[in-house]
Amino acid sequence: MPAEFWYGVEVLLNGLMAGVMYSLVALGFVLIFKASGIFNYAQGVMALFAAQTLVGIQTGLVPFSHMINAMFGTKIHHFGWNVPTFAAILLTIGVMVLFAIIVEKLILKHLVNQEPIILFMATIGLAYFLEGFGDLMWGAEIKKLDVGIPQGGNVWVEESTAFLGGDDFYGFYLDTLDIYATVIAIVLVASLVLFSQYTKTGRALRAVADDHQAALSVGISLRTIWVIVWSIAGFVALVAGVMWGAKSGVQFSLSLIALKALPVLMLGGFTSIPGAIIGGLIIGVGEKMFEFLIGAPFLGGATENWFAYMLALIFLIFRPQGLFGEKIIERV
Amino acid sequence: MIYREVGDFKTTYRDDGQTFPIHFDRMRYYVVLLVAFCVVPFIVNDYWTNAVLLPFLIYAIAAIGLNILTGYCGQVSLGTGGFMAVGAYACYKLMTSFPDLNIFFCVLLSGAITALVGMLFGLPSLRIKGFYLAVATLAAQFFLVWMFNKVSWFYNYSASGQINAPERTLLGYKITGAETSAPVTYLFCLVLVVILAIIARNLTRGHLGRSWMAIRDMDIAAEIIGVNPLKAKLTAFGISSFYIGVAGALLFSVYLGAVEVGEVFGIQKSFLVLFMIIIGGLGSIFGSFAGAAFMVLLPVLLKNVLVGMLGWPTDIATHLEFAIVGLLIVVFLILEPHGLAQLWRIIKEKLRLWPFPH
Numbered sequence: 127m128p129a130e131f132w133y134g135v136e137v138l139l140n141g142l143m144a145g146v147m148y149s150l151v152a153l154g155f156v157l158i159f160k161a162s163g164i165f166n167y168a169q170g171v172m173a174l175f176a177a178q179t180l181v182g183i184q185t186g187l188v189p190f191s192h193m194i195n196a197m198f199g200t201k202i203h204h205f206g207w208n209v210p211t212f213a214a215i216l217l218t219i220g221v222m223v224l225f226a227i228i229v230e231k232l233i234l235k236h237l238v239n240q241e242p243i244i245l246f247m248a249t250i251g252l253a254y255f256l257e258g259f260g261d262l263m264w265g266a267e268i269k270k271l272d273v274g275i276p277q278g279g280n281v282w283v284e285e286s287t288a289f290l291g292g293d294d295f296y297g298f299y300l301d302t303l304d305i306y307a308t309v310i311a312i313v314l315v316a317s318l319v320l321f322s323q324y325t326k327t328g329r330a331l332r333a334v335a336d337d338h339q340a341a342l343s344v345g346i347s348l349r350t351i352w353v354i355v356w357s358i359a360g361f362v363a364l365v366a367g368v369m370w371g372a373k374s375g376v377q378f379s380l381s382l383i384a385l386k387a388l389p390v391l392m393l394g395g396f397t398s399i400p401g402a403i404i405g406g407l408i409i410g411v412g413e414k415m416f417e418f419l420i421g422a423p424f425l426g427g428a429t430e431n432w433f434a435y436m437l438a439l440i441f442l443i444f445r446p447q448g449l450f451g452e453k454i455i456e457r458v
Numbered sequence: 115m116i117y118r119e120v121g122d123f124k125t126t127y128r129d130d131g132q133t134f135p136i137h138f139d140r141m142r143y144y145v146v147l148l149v150a151f152c153v154v155p156f157i158v159n160d161y162w163t164n165a166v167l168l169p170f171l172i173y174a175i176a177a178i179g180l181n182i183l184t185g186y187c188g189q190v191s192l193g194t195g196g197f198m199a200v201g202a203y204a205c206y207k208l209m210t211s212f213p214d215l216n217i218f219f220c221v222l223l224s225g226a227i228t229a230l231v232g233m234l235f236g237l238p239s240l241r242i243k244g245f246y247l248a249v250a251t252l253a254a255q256f257f258l259v260w261m262f263n264k265v266s267w268f269y270n271y272s273a274s275g276q277i278n279a280p281e282r283t284l285l286g287y288k289i290t291g292a293e294t295s296a297p298v299t300y301l302f303c304l305v306l307v308v309i310l311a312i313i314a315r316n317l318t319r320g321h322l323g324r325s326w327m328a329i330r331d332m333d334i335a336a337e338i339i340g341v342n343p344l345k346a347k348l349t350a351f352g353i354s355s356f357y358i359g360v361a362g363a364l365l366f367s368v369y370l371g372a373v374e375v376g377e378v379f380g381i382q383k384s385f386l387v388l389f390m391i392i393i394g395g396l397g398s399i400f401g402s403f404a405g406a407a408f409m410v411l412l413p414v415l416l417k418n419v420l421v422g423m424l425g426w427p428t429d430i431a432t433h434l435e436f437a438i439v440g441l442l443i444v445v446f447l448i449l450e451p452h453g454l455a456q457l458w459r460i461i462k463e464k465l466r467l468w469p470f471p472h
């Protein structure tokens, strides 16, 4: 086998791992969409906010310190302590649950029965607010997130696969962080699926997704379910934020992963958890292979920004409900 | 007392079908036009034109365009930034390829080119609906911005990747390039805004506008009563893109003068125009103006108050602005989903009854 082939396989593997990350973000969307019919654009900013909060708590930053300094001329920035990673993660989960409760109380409650597109625009507003709020609270500079996962190429994988190719092939180069992220994402996805299939709350979630009114009539509290769903989405956002944040620093571009997850959703269908996973894998592999085979050699590179959208767009023309979405039935 | 249709007798069909059926409304409209054309040009200075008036006029055109598509035809688009970029680059290519072509026609032609591109990206709307379409228009946004970045033909192989507006004149006055005077650029944009707004207003009152609204309210029902969805959706995409293209061309040539595509026409611009029509009011021409004014004035106001008066650093003011804009969007959607235009309508209803409450 020529070395190019094995490089192709390496690209494929990297694509698969990127795809798992996309699935993870897309999963947050699907959960909220199924439970409340809301297409939550703020998911990406939630990931950014969760990562910012984690770093802030970990390193003992004073919230709103920049603003306080600007208003009163003080010079505070740190409390001067470091919180252990595990405790910081627990506190951040607490913050995300609080956020879910606030969103439900202040926004969702008032927008019941509005058109889906109005709700969508409300989440765009929410995304703007959270972006500004997060920056005000923790500062906008790029922060380093360290949760104890090693980074850099994985030597073990590289050495144990070097025999596959000839002399000019040195084994697959895979980032250790990506491998960890993939494993964590797989565990998270599996546990979410088990949660929604085998627990009482999970059953209630699916009931609400199926039919709001029927679920209400058998005594399921819609508002509690919404808080739970937004909390879970906040937790998923935290995991996604930690993974991407550890990789490239906690900064604004983190919130753009939401834009990466959108075509995944279109491809997989907004209502399907398996769809989000398989869609994520297709997009991850597709965009890396396209960049490797066509984008970089012929089109000048950086095709990853739009390839996923174009793929989803062309795909949707033939199957408007996505890969696994429920068939769209319209009545007059 | 003054805001009444009583006593204003319509004796011809022409009178009956006019844009502003109430006498007071008509007078107000003429006064606004009179002030805009005859008073404002003599009192503006560079700061006001550049910070407030030009962006307001240009974004008003873009907002009218998006309102035609989203407010009247119900097709949510997040590709506004990309279409504005098409207008800007079309204008640049026209200006540099045909130096003798009048700037006025350059702007209109770049609108027409954008309309074609918009119709192309509108084709999927016949199969895809709702969210799926909103996300599909993002494909246009990302693809177009990428294309203008990568294909150097669009920026005439310049090393910086920027496009710079060459100097063009109209009736002897400099419109684009360096050293333009504030009243001239203002009047140039104003003329375009007024023409386009009148056309938009009449389009939406006519046969085409009604078919758009039928598609918006329920596309299947509209199809059954004989509205051609292909024609309605594609005309909406085409005309909306024409407006957005003109706005992009003006933003580049008259207002900014030099443009780097990823910075100016990124996805933030799509959201900005979308926010304008949400705050202003979906499905209202007046709302497009109100929303544009609001979204242009708010940052200026915040900046003046926070940075100028309180002495805060600019970046914190920007973050606060983000938070406030986001909050306002949510508040508007909860309290008044039909935007500023609806508030205006309520005021008018109250005025008709005033001073008697019933």
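From first to last, the protein sequence lines are chains P and S.
Under my numbering, the first residue of the first sequence is numbered 127, with each subsequent residue one higher.
Under my numbering, the first residue of the second sequence is numbered 115, with each subsequent residue one higher.
Using N, Cα and C, we set each Cβ at its ideal position, and we do this for glycine too.
Quantities reported herein were computed from a predicted structural model and do not represent experimental measurements.
Quick one: residues in its chain with C-beta nearer than 6 Å to the C-beta of residue i, no 5 flanking neighbours on either side, listed in chain order?
{"i": "L167 of chain S", "result": "Y300"}
{"i": "R282 of chain S", "result": "I217, I289, T290"}
{"i": "D130 of chain S", "result": "K124"}
{"i": "E435 of chain S", "result": "P413, L416"}
{"i": "F400 of chain S", "result": "A455"}
DSSP on residue i, reduced to helix/strand/coil?
{"i": "T283 of chain S", "result": "strand"}
{"i": "H203 of chain P", "result": "coil"}
{"i": "L215 of chain S", "result": "coil"}
{"i": "L416 of chain S", "result": "helix"}
{"i": "V209 of chain P", "result": "coil"}
{"i": "K231 of chain P", "result": "helix"}
{"i": "I448 of chain S", "result": "helix"}
{"i": "V373 of chain S", "result": "strand"}
{"i": "K207 of chain S", "result": "helix"}
{"i": "D337 of chain P", "result": "coil"}
{"i": "L271 of chain P", "result": "coil"}
{"i": "V376 of chain P", "result": "strand"}
{"i": "K124 of chain S", "result": "coil"}
Could you tell me which chain S residues have their CB closer than 7 Å to the CB of residue i, listed as they occur along the chain?
{"i": "P210 of chain P", "result": "Result: empty, since nearest Cβ-Cβ is about 29 Å, beyond 7 Å."}
{"i": "N431 of chain P", "result": "F256, W260"}
{"i": "L439 of chain P", "result": "P238, A250, A253"}
{"i": "M436 of chain P", "result": "A253, F257"}
For residue i, I'd like the list of residues in its chain whose CB is within less than 7 Å of its CB, leaving aside the five on either flank, ordered along the chain.
{"i": "T184 of chain S", "result": "V190, S191, I391, L396"}
{"i": "A177 of chain S", "result": "V387, M390, I391, G394, S402, G405, A406"}
{"i": "F194 of chain P", "result": "The amino acid at residue 194 of chain P is misidentified as Phe; the sequence shows Ile. Same-chain partners within the cutoff: T200, I202."}
Taking its Cβ as the centre, do 16 or more other Cβ atoms sit within 10 Å of residue i, making it buried, or is it exposed?
{"i": "F134 of chain S", "result": "exposed"}
{"i": "E257 of chain P", "result": "buried"}
{"i": "T251 of chain S", "result": "buried"}
{"i": "L454 of chain S", "result": "buried"}
{"i": "C152 of chain S", "result": "exposed"}
{"i": "I157 of chain S", "result": "exposed"}
{"i": "G322 of chain S", "result": "Sequence inspection shows Leu at residue 322 of chain S; the Gly mentioned does not correspond to that position. L322 of chain S is buried by the Cβ-count criterion."}
{"i": "G343 of chain P", "result": "It is Ser, not Gly, that sits at residue 343 of chain P in the sequence shown. Looking at its Cβ environment, which holds fewer than 16 other Cβ atoms inside 10 Å, S343 of chain P is exposed."}
{"i": "A328 of chain S", "result": "buried"}
{"i": "M409 of chain S", "result": "buried"}
{"i": "R101 of chain S", "result": "Only positions 115 to 472 of chain S appear in this structure, which leaves residue 101 of chain S out of reach."}
Who are the near neighbours of residue i in its chain, counting only those whose CB is closer than 8 Å to its CB and skipping five residues on each side?
{"i": "P400 of chain P", "result": "G394, F450"}
Can you pull the chain P residues whose beta carbon is under 9 Å from the beta carbon of residue i, in chain order?
{"i": "E435 of chain S", "result": "G258"}
{"i": "L176 of chain S", "result": "According to the sequence shown, residue 176 of chain S is Ala rather than Leu. The premise fails here: A176 of chain S is roughly 17 Å from chain P at the closest Cβ pair, so nothing lies under 9 Å."}
{"i": "V410 of chain S", "result": "In chain order: nothing, as chain P lies at least about 17 Å away."}
Taking residue i as the query, report the chain S residues whose CB atoms sit under 9 Å from its CB, ordered along the chain.
{"i": "G150 of chain P", "result": "Residue identity differs from the one stated: residue 150 of chain P is Leu in this sequence, not Gly. Residues of chain S passing the Cβ test: none, with the nearest at roughly 19 Å."}
Quick one: which chain P residues come within Cβ less than 7 Å of residue i?
{"i": "P427 of chain S", "result": "A196"}
{"i": "Y246 of chain S", "result": "M392, L442, P446"}
{"i": "V439 of chain S", "result": "Y254"}
{"i": "V190 of chain S", "result": "I243"}
Residues of chain S with CB under 8 Å from residue i, in chain order?
{"i": "I443 of chain P", "result": "P238, R241, I242"}
{"i": "D337 of chain P", "result": "Neighbours of D337 of chain P on chain S: none; closest Cβ ~19 Å, over 8 Å."}
{"i": "I233 of chain P", "result": "V444, I448"}
{"i": "A266 of chain P", "result": "D429, H433"}
{"i": "L388 of chain P", "result": "V249, L252"}
Check whether the stretch 150-159 of chain P touches the stretch 310-321 of chain P, taking contact to mean three or more Cβ pairs, one atom from each stretch, closer than 8 Å. yes
Report yes or no: do the stretch 163-183 of chain P and the stretch 360-376 of chain P share at least 3 C-beta pairs separated by less than 8 Å? yes
Does the stretch 241-257 of chain S come within contact of the stretch 351-365 of chain S, defined as at least 3 CB pairs closer than 8 Å? no
Contact the stretch 365-373 of chain P vs the stretch 358-374 of chain S: 3+ CB pairs below 8 Å: no
Stretch-stretch touch, CB-based, cutoff 8 Å, three pairs: the stretch 225-238 of chain P with the stretch 129-148 of chain P: no
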